[in-house]
Structure formats: C-alpha cells, structure tokens
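In this text, residue positions in the sequence shown follow the UniProt record's numbering: the first is 1, and each later residue adds one. Ideal Cβ placement from N, Cα and C applies to all residues, glycine included. One structure is given below, encoded as structure tokens.
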Amino acid sequence: MSKAIIIKRESMVDEKKWGILYCPKGGLLSNPHKRWEHVEQCLKANNIDFDMIQSESSAGVDRLIRMMIGNGYRTIIIFGGDSALNDTINVLMHEDKEVRERTCIGVIPNGVMNDFAHFWGFEDDDIETTIESLKAHRVRKIDLGCIRYTNRKGEKCHRYFLNCINVGLIATIMNLRRRTRNLFGSRSLSFIFSFILLAFQRLDFHMHIKINTDVIKRKVMTVCVGNAKGYGQTPNAVPYNGQLDVSVVYHPEVTQLFEGIYLFLRGKFLNHRSVHPYRAQELEMQVEPRTLIGIDGRLMSKTPVGPFKIMVEKEVINFLIPV
1 MSKAIIIKRE
11 SMVDEKKWGI
21 LYCPKGGLLS
31 NPHKRWEHVE
41 QCLKANNIDF
51 DMIQSESSAG
61 VDRLIRMMIG
71 NGYRTIIIFG
81 GDSALNDTIN
91 VLMHEDKEVR
101 ERTCIGVIPN
111 GVMNDFAHFW
121 GFEDDDIETT
131 IESLKAHRVR
141 KIDLGCIRYT
151 NRKGEKCHRY
161 FLNCINVGLI
171 ATIMNLRRRT
181 RNLFGSRSLS
191 FIFSFILLAF
201 QRLDFHMHIK
211 INTDVIKRKV
221 MTVCVGNAKG
231 YGQTPNAVPY
241 NGQLDVSVVY
251 HPEVTQLFEG
261 IYLFLRGKFL
271 NHRSVHPYRA
281 QELEMQVEPR
291 TLIGIDGRLM
301 SKTPVGPFKI
311 MVEKEVINFL
321 IPV
C-alpha cells in the first residue's frame, strides 16, 4: 500500500514550482526522515518553490506521477533511484507528445541503485551540488530504450528503459544485489553477498539473438542492452546518440568467470575475452522460458513469451543535467 505525504497541493500549480517525488531508501542503516530534512534545507537555501509527495511502492510512483502531471507540474524531480525513474518515464511516455514536451524530469539519487544518476555525475552524498545543478535547469533531450514483447496472456506489451536491459545471469545478480542492498543498506556488502549467492545460480541460457547482420544461436551467460552505462556492462553507451550498446557474454571457464567479476568491479568489463560488444538501433531476441530479464535493475514482472525486440527511441524525454 502506497503512503503519500502531500506537503502542499493545488488543483493547478505555478509552472516554475517543482513537484518532488520522494522514494525512501530501505536498509537497516537508512534514516529516511533525516535524509529528507537535508534535501529540504538545501531546497529552501536555494529559494526553490516545491511540493513534495512520498511514495513507498512502484504502484504508488505510477499513481503519484500521473497526479503530478495532471496537476500541471512542469518540473518533476525524483528523489529516488533507477526503479523510480523507470516508473516515471513509463508514465510520461503514455502521455501525449505535447505533455512530454513541456515536462522536465530530474533526479536526486536516493535509490538502492542510482546508475543513471551517476552517469550524469550526480552523487548520492553531494545533495547541495545536485540541487544547484537542477536549479540551473539545463535541459537535454535524451533517448530511451524500449522492449516490445508478447506476454503469457498473448497481449502485446512494451516497456521503456533509461539505463539497460539485462537478460540471463546479470539479471539474477542485479535482483540479488537489490534484495541484499535492501537488507544491508550497503553497496559493498550487497555486491559481496550477491556474488556468494551466485554459487547456487545457473550460469548459461539458450538464446537466439539477431544484431544488425550478426546472428547468435548458442548458450550465452548474459546479455546487456545499454542506453547508458548498464551498471558497467556497456560503459561506452550514451543516451543521446540514437544507438544501443550490446554486450553478449559467452560462458567462460571458472577462472575466466572470476577474472570477469574482477574486471566488472574495476569498470573494465569490455576487456574480458568472453565479452562480445555490438552497437545497434534495434535487435531481436528469443530466450528459453524462465530466463530472468531485468529492466533498469529490477526484474520484469511480465516476462516475454517468444521473440521480442529491443530498440531505441530518439530524443523523447527532457532530462535535467548538470551544469
């Protein structure tokens, strides 16, 4: 059940007023109230007029973002992580083009995972600089990735993403990382426990992939389709060149697997011999049943059945970037 705290609400708001959606971070060591107080002080110090709403569930994010858009907020700031951003852009992409054109999205990183915020240089512990940058209102039109698929009910579905889609082992890792980060509240501890739990996970999956003129039909450990850094798997991807970066990883030997983990943690993932990089505007995939698929760090609730496509949609969201 979503909990919403509305500090101030009007039927239609001043166009310059920010609408801030606060998604408190879980974890044993987190202090949501103290963190919000810090942000509130910074906002007031910068003379920013704002309304804040708090949500504690994905369903709550969808509903509250629709409410903000309906109430006329032109600047919507997500005080949360990758998942909340993903929910936000998916709500916005269901609006008319006219609404999207007048709405700007910004982020103050506060999630379990904040990879898209980090891509732009927004840091978790430097709230003052982040708010000063957002106040400058520097807008850039950015690309989104989109997965189009058929679900188990035979319905045609699609979902947008800012950062990446993971298929296979890394989707499992990201899911484990999210669960352990929620428990421990520590990025380092979550990585350590996630990789320990990998000992009990399946390491390869049958996949059929078509990228440009290349066709891959074999066992694959993981695939990352990145519109941005992809948690280090597509480090050269940027959300403004009209392209998606793709990393396909074949199943390495055990020693190579540990080497791959080391390079992944060092940010040199593409240097591993089992990683095959591509760049494309669109690709087609088909994977065996029960293969996990993650989108912006969270498992898809409705998994594709049969072939699916992943493509880029160019310059469709207004995003606030650093000065």
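Query, Result
"In this structure, what does DSSP give as the bridge partners for Phe50?", "Trp18"
"Please state the DSSP three-state secondary structure of Val61.", "helix"
"Under 9 angstroms between the Cβ atoms of Thr88 and Cys164?", "no"
"May I have the straight-line CA-CA distance separating Lys309 from Asp245, to the nearest angstrom?", "14 angstroms"
"Can you tell me whether Ile321 is helix, strand or coil according to DSSP?", "coil"
"Per the contact definition of three or more C-beta pairs closer than 8 angstroms, is the region 101-117 in contact with the region 69-85?", "yes"
"What span of residues does the beta strand (DSSP E) with Val223 cover, start to end?", "Thr222 to Gly226"
"Is the separation between the beta-carbon of Pro322 and that of Ser57 shorter than 9 angstroms?", "no"
"Would you mind reading off the limits of the beta strand (DSSP E) that contains Cys164?", "Cys164 to Gly168"
"Out of Gln41, Arg159 and His33, which has the shortest C-alpha to C-alpha gap to Met93?", "Arg159"
"Based on the DSSP secondary-structure assignment, which residues constitute the bridge partners of Gly145?", "Phe161 and Val312"
"How do the region 274-291 and the region 99-115 stand: do at least 3 beta-carbon pairs fall below 8 angstroms, yes or no?", "no"
"Taking the alpha-carbon of Lys25 as reference, which of Tyr73, Val112 and Trp36 has the nearest alpha-carbon?", "Val112"
"Quick one: is residue 348 buried, meaning 16 or more other Cβ sit within 10 Å of its Cβ, or exposed?", "Only positions 1 to 323 of the chain appear in this structure, which leaves residue 348 out of reach."
"Taking DSSP as the reference, what is the three-state secondary structure of Ser204?", "The sequence given here places Asp at residue 204; Ser does not occur at that position. In the structure shown, Asp204 sits in coil (DSSP, three-state: anything other than H, G, I, E or B)."
"Would Tyr278 and Asp143 qualify as a contact pair, given that the criterion is a beta-carbon distance under 9 angstroms?", "no"
"Within 10 angstroms of its Cβ, does Asn166 collect 16 or more other Cβ (buried), or is it exposed?", "buried"
"DSSP three-state call for Met300: helix, strand or coil?", "coil"
"Return the CA-CA distance between Leu320 and Ala136, expressed in angstroms with no decimal places.", "9 angstroms"
"Excluding sequence positions up to five away, which residues of its chain have a Cβ less than 6 angstroms from the Cβ of His208?", "Lys217 and Gln286"
"Let me know the secondary structure DSSP gives Leu283 once reduced to three states.", "strand"
"Verify whether the separation of the beta carbon atoms of Gly154 and Ile76 is less than 9 angstroms.", "no"
"So, at 6 angstroms on beta carbons, what are the nonlocal neighbours of Asp49 in its own chain, with the 5 sequence-adjacent residues on each side left out?", "Lys17"
"Give the straight-line distance between the Cα atoms of Thr303 and Asn151, rounded to the nearest whole angstrom.", "6 angstroms"
"So, is Ser247 buried or exposed, given that buried needs 16 or more other C-beta atoms within 10 angstroms?", "buried"
"Where does the unbroken beta strand (DSSP E) through residue 324 begin, and where does it stop?", "For residue 324 there is no data in the structure shown, the boundaries of the chain being 1 and 323."
"List the endpoints of the continuous alpha helix (DSSP H) containing Cys42.", "Pro32 to Ala45"
"Measuring alpha carbon to alpha carbon, tell me which of Phe205, Asp296, Leu64 and Ile211 ends up nearest Lys219.", "Phe205"
"For a test of the three-state rule: what should DSSP assign to Tyr73, helix, strand or coil?", "coil"
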